[in-house]
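Visitor:
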Amino acid sequence: MNLSRSVTSYLDALGNARLALTAPSVFVPFAAFGALQCLLLVMLAFFTAEPIAGFMIPAVRALGGEPALHYPMHFVQLPGLYQRVYLPLAATIGFACWSLGIWSMVDHHTVGRSRPRRPFRAALVHVLIVGLVFVGVSWLLGLGLGAVLARVQGPAARVVTFAGLAAVACVQALLIYAPVVLRLRGGSALAAIRSSAQYASRRFVATALVILTILLIHAPVDFLLSQSDRVALRFHPEMLFYLLAGGAVLEMFTAYLLFASIAGLALPEEGGMR
Amino acid sequence: MKERRLLLAPLFLLLAGCESGKGITERYELERRLWQAQYFHRRINIALMQASRNDTRLAVEAYRSILAHNPLDAPAASTWDPAVISDMQRIRVSTRVALANLLFLSQRYADAGTLYRETVGEAHLPLRVELDARLGAARSLYLAGENNEAMEQCAAMFREIVDNPDFWASAEKLDDAFLNIPVVTVRMYRDAERTADYEAYSQLAASFYDRVATTWPSGRMNQQARLGRIQLHLVRSEWDAAAAGLEALIASPDGAEFAQGLTLLLGEVHAFSRGDVAEARRVLTEVATRWPNDETAYAARYDLAVIDVAQGNSAGGMAALRALEQDNNAPGIVAARAMLARARELERTDQWDEALGLFRRVQQLYPETTPALEAPMLIVKHYVEHGETALADRALERAREDYLKLMERGSNFSGDRLVVQGALAESYVIRGKPGEAAELLANSQQWDDASAAAGLLQAAEIYASVVRDPEKAAAMLKKCVERFPETRYSRIAQRRLAELSGQPPARG
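Here the protein sequences line up with chains A and B, keeping their order.
Quick note: the first sequence uses our numbering, first residue 230, plus one each step.
Quick note: the second sequence uses our numbering, first residue 707, plus one each step.
#1: Going along chain A in order, which residues have a C-beta closer than 7 Å to the C-beta of T731/B?
#2: Rounded to whole angstroms, what's the CA-CA distance from P1140/B to L1130/B? Just pull it up for me.
#3: Note down, in chain order, every chain A residue with its Cβ under 9 Å from the Cβ of R749/B.
#4: Between which residues of its own chain and T1193/B is the CB-CB distance below 7 Å, once the five residues before and five after are set aside?
#5: Throw me the rounded Cβ distance for the T1002/B and V989/B pair, which I believe falls under 8 Å.
#6: If I measure Cβ to Cβ from G967/B and keep anything under 7 Å in the same chain, skipping five residues before and after, which residues do I get?
#7: Out of curiosity, what's the CA-to-CA distance linking A984/B and Q929/B?
#8: At the level of alpha carbons, what is the spacing between E899/B and A297/A?
#9: Run down chain A in chain order and give the residues with a C-beta less than 7 Å from the C-beta of G727/B.
#10: Considering only C-alpha positions, which residue in the set R234/A, L269/A and L357/A is nearest to A474/A?
#11: Listing by chain order, which chain A residues have their CB less than 8 Å from the CB of E737/B?
#12: Along the chain, which unbroken stretches of the alpha helix (DSSP H) at least 4 residues long are found entirely within the segment 883 to 945 of chain B?
#13: Could you name the residues of chain A that Y734/B contacts, counting a contact when the two beta carbons are closer than 8 Å?
#14: Who are the Cβ neighbours of L494/A in its own chain at under 7 Å, not counting the five residues just before and after it?
#15: Can you tell me where the alpha helix (DSSP H) holding K1178/B begins and where it ends?
#16: If you compare alpha carbons, which of S328/A, V362/A and G365/A is closest to R347/A?
#17: For M894/B, tell me which candidate among A783/B, R942/B, E1167/B and R1115/B has the shortest Cα-Cα distance.
#18: Round the Cβ separation of R1197/B and E852/B to the nearest angstrom and send it over; I've been treating them as touching at under 8 Å.
#19: Please check if any C-beta of chain A sits within less than 8 Å of the C-beta of W741/B.
#20: At a Cβ cut of 8 Å, what residues of the segment 452 to 475 of chain A count as close to chain B, listed as they run along the chain?
#21: Locate the alpha helix (DSSP H) running through T436/A, then write down its first and last residues.
#22: Can you tell me whether DSSP reads S490/A as helix, strand or coil?
#23: Just how far apart, CA to CA, sit L1010/B and V1125/B?
#24: Look at the alpha carbon of G293/A and the alpha carbon of T762/B, and state the distance between them as a whole number of angstroms.
#25: What number of angstroms, rounded off, separates the C-alpha of L849/B from the C-alpha of L831/B?
#26: Among R1054/B, L740/B and L1071/B, which residue has its Cα nearest to the Cα of E1091/B?
#27: Could you pull the start and end residues of the alpha helix (DSSP H) that F259/A belongs to?
#28: Looking at C-alpha atoms only, which residue of T277/A, A461/A and L265/A is the closest neighbour of I730/B?
#29: Where does E1074/B sit, in a helix, a strand or coil, going by DSSP?
#30: So, is S771/B buried or exposed, given that buried needs 16 or more other C-beta atoms within 10 angstroms?
#31: Run the CB neighbour count on T891/B, radius 10 Å, all protein chains shown included, and call it buried at 16 or more, exposed below.
#32: Can you tell me the Cα-Cα spacing of L1064/B and M1045/B, whole angstroms?
#33: Taking the beta carbon of H775/B as the centre, do at least 16 other beta carbons fall within 10 Å, making it buried, or is it exposed?
#34: Determine the burial state of G1215/B: buried for a count of at least 16 other Cβ atoms within 10 Å of its Cβ, exposed for fewer.
#35: If you follow the alpha helix (DSSP H) that W368/A is in, where does it begin and where does it stop?
#36: May I have the straight-line CA-CA distance separating V377/A from L462/A, to the nearest angstrom?
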C-alpha cells in the first residue's frame, strides 16, 4: 500500500468518529470511564474532605507514603500517585469500557449488523487479558524508555524520546485491533492478539498514524505533568489536579477517537469492502 | 453467593483500614493556608508596587487567619499522633515568624516585635529558631523606639546561648551575628546608662567569650570570641587590654584573615586612645608599608599625617595630607578627610582664603561624604567666631541651600540624611538663630517621612534645650506623634513629652 492510500485510510478512519453524532450511545462507555477517572481524581486530590478522609488517608499514604499527606507535596506527587491507580484501572475497567464501545460501534456498522451478535459478558475475560497485555507492554516500554533517558542527555535524549514514542505506537498498533476481532470473530485473547497483529501489519502506516495522533494530542498535558514541581511552584499546586482532570476528559475523547478510527479501519476490510 | 462475598471483601478491607485522620486533615488544612499566605508573600517581591501593596495586605490577612484558629486547642487534639502535633506547632511558629518578618518589612515595628515575642513564648523552640525570633524582636522593638524591650531581648538571647548545652556541645552552629550579641547588650546598657546591668553583663560577656575561646581553641569560633572580647574592652574603654588583645590576635593564625584591619585598629587605639604616639607611628607605618595598596594603608597614612600635625610637625603632616588628596588611588572618604583636616589646619594658622577654597572643594569633589557635610557648618562657625556677621549670614544662607538640596525627597543623596539635618541645625545654632533652625526643621514639606519625623524631634530638642520654650517643644513632639503614629519617632516623642511634663519617663 502506498503512502497516499495510507494517509487516505488514516483520514477516513478519523472520519469514522462522526458516528457519535448519529449514534451518541457509542460514546457512553467512554464517558463512563472518563467519569470514573474524574471521580477517582477528585477523591485523591481532596482526600481530606470529611466524608472520604477516613478511608482515603490510608489509601493516599499507601500510594505515596507519608509525604503525600502534606500540602503542597501531595499535589506535586499527584500525577505519580494517580498513575499507580490509573494503570491497573485502564488495563481492566478502562479496556473493558473501551471494548464495550467497540461492541456498540460494530453494532451500528453494516458489517457488524451482518455478523452474529456476541454477548460482551462472554468475551469479558479475554477482553481483560488483552487489556492487561496492552497496558502492561506499554508500561514496560515506558519503564525502559525512562531508564534509557536517565543515562542520556541533550539531543540524544530527544532522539530517544521520539524513538520510544514510535516504539510504543508500533506495539500498540499491533494489539489495538484485538477488541474488534473478539467482537467479530470471537475466540480467545491469544487468537485475537494474533489476528490483531495481522490486521495491523496489513494497515500498519494508517494504524500507527492514528495511534501517533492520539499520543501527540496528549503530549502537552503529559509534558506539563512531568514538570509537576515547577507547575506547583509557578502557578498553584491545585493546577496539577486541573491538568490531570483535563487529561482524563481529553482521554475520554481521544480513546473514543482511537477506537472509532480502529473500527473504521477494520470493519470495511472485515466486510470485504476494501 | 460466593461471588458476592468476594466482591464485598475489598469493602471490608477498606473499612478495616479506616482511621479518623482528623489530625492529618487539620495539619493539611494548616499547610494549605500557610502555602496560600506564602504565595502572596512571594508575589510581593516580584509584583509592581501597586499590586505589591495589595499582596502585602492579602499575605498579612492570610497569616493572621492561620494564627486566629489553633487546631491544637480542640479537645481531641490530645489523641492525635505526636508527629502531627509537632508538625502543627512548627507550622504555627513558621507562620508567626513569616508574619512578623512581613510586618517588619512593612515598617510596622511594634506589631512585628510583639509577634516575635509571642513566638518565643508559645512553644519550646530549637535554639536557632528562638534566637532568630529574639533577634527579630530586638530589631523591631528598637526601631519601634522600645529601647528597653530591645535590650531585654538581647540580654535574653545572650542568656539562651550561655545556658544552651547544644551550643557548647557544638550541636548548634550559630551565625557570627549571634556571637556579637553579648557585646551589643553591654553597649546598649552603657548607652542607656544602666550602670548595674552594664557591669553585670560586662562580666558575663567577658566570661562567655573566655569560655568560647577555651572550648574552641582554634578556628572561626575562637576568632569570633577573641574579637568579641576585644570589642568588649573597647566598649569599656579598657585601652591597654584592647591593645594587648589585638596584638595577640594579629600574631595568631586566626587573626590573619583580618590582619590589615586589626593592625589599623591597633594603631588607632595607640594613637587616639592610649596616647602612645611612638607605638602608634610604628604600627601605622607597618600597615602603610605591608599592605600599600589596601584601603587600610590609606587610612593609616591619614592617621600618621594627623598625628604629625597634632605633634607640631605641621609641614610634614600637611604634605602627607596633600599627597593623599592627590593620590588617585586613595578612597574618596580618605581623600575628603585629608582635605578637611588640611583646611582646618590652614584655618588654625590664619590662612583662611586657602582653607575656604579647600572647604568648597571637598563639597564639590566628595559631596556625599561626612567631611563635605561638615564643611558649610565650619565656614559659618569661622565667620561667627571672627565676628563677621554679614559673611556668616551669607555662608549660612548658602549652607541652608546646600543642605536642603541634599535633604529633598527626590535628591540622589545616598548618605545619612540625619547627619545633614544635624549639620543644618548646628549651623543655625552656631549663628545664634536656633528659633529659625527649629522652624525650618519643623516645616519640612519636601522631606521623606523619616527625615520629617526626625526633624520634628530635633526641632523639639532645640526649643527645649536652646530656645528654652517647653511649650513649643511639646507642640513639636505632639505633632510628631500625630503625624507619624506607631513609629519609633512617635515613641521617642511620647517619652520626651512625658519628661517635659515632669512625669516619670515611660519604659523603653
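For each residue, glycine too, the CB sits at the ideal point set by N, CA and C.
Remember, predicted model here, so these are calculated numbers, not experimental data.
Guide: By the coordinates alone:
#1: T277 and A282
#2: 11 Å
#3: Those within 9 Å of R749/B in chain A number zero; the least Cβ separation is about 12 Å.
#4: A1159
#5: Cβ-Cβ separation between T1002/B and V989/B: approximately 11 Å, too far for a contact (criterion under 8 Å).
#6: T1002
#7: 28 Å
#8: 57 Å
#9: A282, G283 and I286
#10: L269/A
#11: Under the 8 Å cutoff, chain A gives H299, Y300 and P301.
#12: Counting only runs of at least 4 residues, the segment 883 to 945 of chain B fully encloses the following alpha helix (DSSP H) elements, listed from N- to C-terminal order: 887 to 897, 901 to 921 and 926 to 941.
#13: T277, L298, H299, Y300 and H303
#14: S238, A242, R432, A435 and T436
#15: P1176 to R1189
#16: S328/A
#17: R942/B
#18: 6 Å
#19: yes
#20: H465 and P466
#21: Note, T436/A: alpha helix (DSSP H), F433 to S455.
#22: The three-state secondary structure of S490/A, taken from DSSP, is helix.
#23: 27 Å
#24: 35 Å
#25: 25 Å
#26: R1054/B
#27: V257 to A274
#28: Closest option to I730/B, Cα to Cα, is T277/A.
#29: Note: E1074/B maps to coil in three-state DSSP.
#30: exposed
#31: buried
#32: Here the alpha carbon of L1064/B sits roughly 6 Å from the alpha carbon of M1045/B.
#33: exposed
#34: The displayed coordinates of chain B run from 707 to 1214. Any statement about residue 1215/B would go beyond what the structure contains.
#35: F349 to L378
#36: Distance between the alpha carbons of V377/A and L462/A: 28 Å.
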